[in-house]
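Trainee: Before I ask anything, let me first share the structure, which is written out below as structure tokens.
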Amino acid sequence: MEKKDRKLPIYTLVLKDDAEDSGVNYVALVDEPAIEQNWFAFAKDSEFKFAVMDEERKIITGPLMIADLPIYRRSEKMGEFYVVFDKGQIELMVQKFFKMGYQSNVNEQHDPSKLVDGVTMFESFIVDEQRGILPPKGFEKATQGSWFGSYKVDKPEVWAKVKDGSFMGFSVEGMFDLVPQEPTLESEIIDIIDSIQK
5 MEKKDRKLPI YTLVLKDDAE DSGVNYVALV DEPAIEQNWF AFAKDSEFKF
55 AVMDEERKII TGPLMIADLP IYRRSEKMGE FYVVFDKGQI ELMVQKFFKM
105 GYQSNVNEQH DPSKLVDGVT MFESFIVDEQ RGILPPKGFE KATQGSWFGS
155 YKVDKPEVWA KVKDGSFMGF SVEGMFDLVP QEPTLESEII DIIDSIQK
């Protein structure tokens, strides 16, 4: 990633106080994870894509949030900036996700008209070495506090898209507040990204 010597804003994504719709409410199956208005994914060249963990049983596993990984954003209103999920907020968001019963809330490409049935999260964990919960094979670089999930794919047409590479990763969507951190040199932000992803 090219290093630049300019300071950019960086924000921590947090749950909105007392807002029922705050947090992660959908997980999308995406081809090239990118950044949009209200959803967050890893860059398309990131190593953090899901993997087929069991072809016969049609199980895919991968990260949904990587703790402390800066994610590039750009909008007309705010310009260029980065966002991060910290491990404390990830834990709160995951707990709320399950309390709300969102395990089957899956769509394609963040398109609300393309809801996917027959794809259900059946396993979820947060990387926590103190509790003996380590990243799965192939994702050993994932930071403490990162959220992983496994989905059972019962819909043949969705499994076909997993197999042919139409879907390459997970991307969470939801509503969050932005808490500003100190503006940071982009070269330093890129060093953090590289240290997590490589």
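Residue numbers (this note's numbering): 5 to 202. From the three backbone atoms N, C-alpha and C, an ideal C-beta is built for every residue, glycine too.
Quick one: is LYS81 buried, meaning 16 or more other Cβ sit within 10 Å of its Cβ, or exposed?
Mentor: Sequence index remark: in the sequence shown, residue 81 carries index 77 (1-based). Under this definition LYS81 is an exposed residue.
Trainee: Taking C-beta to C-beta, are THR147 and ALA55 nearer than 8 Å?
Mentor: Reading the sequence shown from its first residue, position 143 is the one you call residue 147. Reading the sequence shown from its first residue, position 51 is the one you call residue 55. Not in contact: THR147 and ALA55 (Cβ atoms no closer than 8 Å).
Trainee: Looking only at its chain, what residues have a beta carbon closer than 7 Å to the beta carbon of THR124, apart from the 5 residues adjacent to it on each side?
Mentor: Along the sequence shown, read from residue 1 onward, the residue named residue 124 stands at position 120. For THR124, where only same-chain residues beyond five positions count, the Cβ hits under 7 Å are GLN107, SER108, TYR155 and LYS156.
Trainee: For LEU189 and chain C, any beta-carbon pair shorter than 8 Å?
Mentor: In summary, chain C is missing from the structure at hand, where a single protein chain is found.
Trainee: Kindly confirm or deny that the region 157-164 and the region 126-138 touch, where touching means at least three C-beta pairs closer than 8 Å.
Mentor: No: the two stretches stay apart, fewer than three of their Cβ pairs being nearer than 8 Å.
Trainee: What whole-angstrom Cβ distance do GLU177 and LEU12 have, given they're in contact under 8 Å?
Mentor: By one-based count along the sequence shown, residue 177 stands at place 173. By one-based count along the sequence shown, residue 12 stands at place 8. Contact doesn't hold; Cβ gap of about 23 Å is too wide.
Trainee: So, LEU17 versus LEU182, is the Cβ gap smaller than 8 Å?
Mentor: What you label residue 17 is simply residue 13 of the sequence shown in a count that begins at 1. What you label residue 182 is simply residue 178 of the sequence shown in a count that begins at 1. Yes.
Trainee: I need the straight-line Cα distance from GLN99 to VAL87, nearest angstrom please.
Mentor: The residue given as residue 99 occupies position 95 in the sequence shown. The residue given as residue 87 occupies position 83 in the sequence shown. Taking the straight line joining both Cα atoms gives about 21 Å.
Trainee: Go through its chain and collect everything with a Cβ distance to MET97's Cβ below 6 Å, but skip five positions before and after it.
Mentor: Counted from its first residue, the sequence shown places residue 97 at position 93. Hits under 6 Å: GLY27 and VAL28.
Trainee: Alpha carbon to alpha carbon, what distance is there between ASP35 and LYS165?
Mentor: Along the sequence shown, read from residue 1 onward, the residue named residue 165 stands at position 161. Along the sequence shown, read from residue 1 onward, the residue named residue 35 stands at position 31. If I take the Cα positions, the gap works out to 9 Å.
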